[in-house]
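For the sequence shown, our numbering assigns the number 1 to the initial residue and increments by one for each residue that follows.
Okay, so here's the structure we're looking at.
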Amino acid sequence: MLSPKKVKYRKQHKQVRHILQNATRGTKLSHGNYGVMALEPAWASNRVLEAGRVAIARTAKRGGKLWLKVFPDKPLTKKPAEVRMGKGKGSQEAWVAEIQAGRIVYELTGVDRATALEAYTLCASKLPFKCKFVELKDTIL
């Protein structure tokens, strides 16, 4: 599972405002020839990101190189069911990555376009946000 080894503070505020803006960094392919770009803002948990990574790796049959361009470093907390208000913040439940619209989530190289497109469709079904398939020729200025 993806999670930070050590963090300075165990709990964070939610801060939804800044993921509602479009991404300014990480919007172009930097390592691979194909990529998965998020079209809407979302929190992606470590389980979801790992499921997408596994789907791409299996489709590529370990023939290509895969990069995960986001990391779940934000802790989400949750109070148990049927607990009264107050008594502090809940315990940590999951790690999430804040993904803005336009952000490249995965990059892939070393496979042909048909394989990359098939890997994208499997991966997109696992992600909790709309995304699109991008190629290197699309992102060059």
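Here a beta-carbon is modelled for each residue, glycine too, at the ideal position from N, C-alpha and C.
{"Check": "Under 7 angstroms Cβ to Cβ from K172, same chain only, skipping five residues before and after it: list those, please.", "Outcome": "Since the displayed the chain opens at 1 and closes at 141, residue 172 lies outside it and no answer follows."}
{"Check": "Assuming G110 and K61 form a contact by the criterion Cβ under 8 angstroms, report the distance between their Cβ atoms to the nearest whole angstrom.", "Outcome": "11 angstroms between Cβ atoms; not a contact."}
{"Check": "Taking DSSP's pairing of strands, which residues face C131 in a bridge?", "Outcome": "A38"}
{"Check": "Can you tell which of K87, T59 and K14 has its C-alpha closest to the C-alpha of D144?", "Outcome": "The chain is shown only over 1 to 141; residue 144 falls outside these bounds and no answer can be derived."}
{"Check": "I believe F129 touches A23 by the beta-carbon criterion, under 8 angstroms. Please report the beta-carbon distance rounded to the nearest angstrom.", "Outcome": "Contact doesn't hold; Cβ gap of about 12 angstroms is too wide."}
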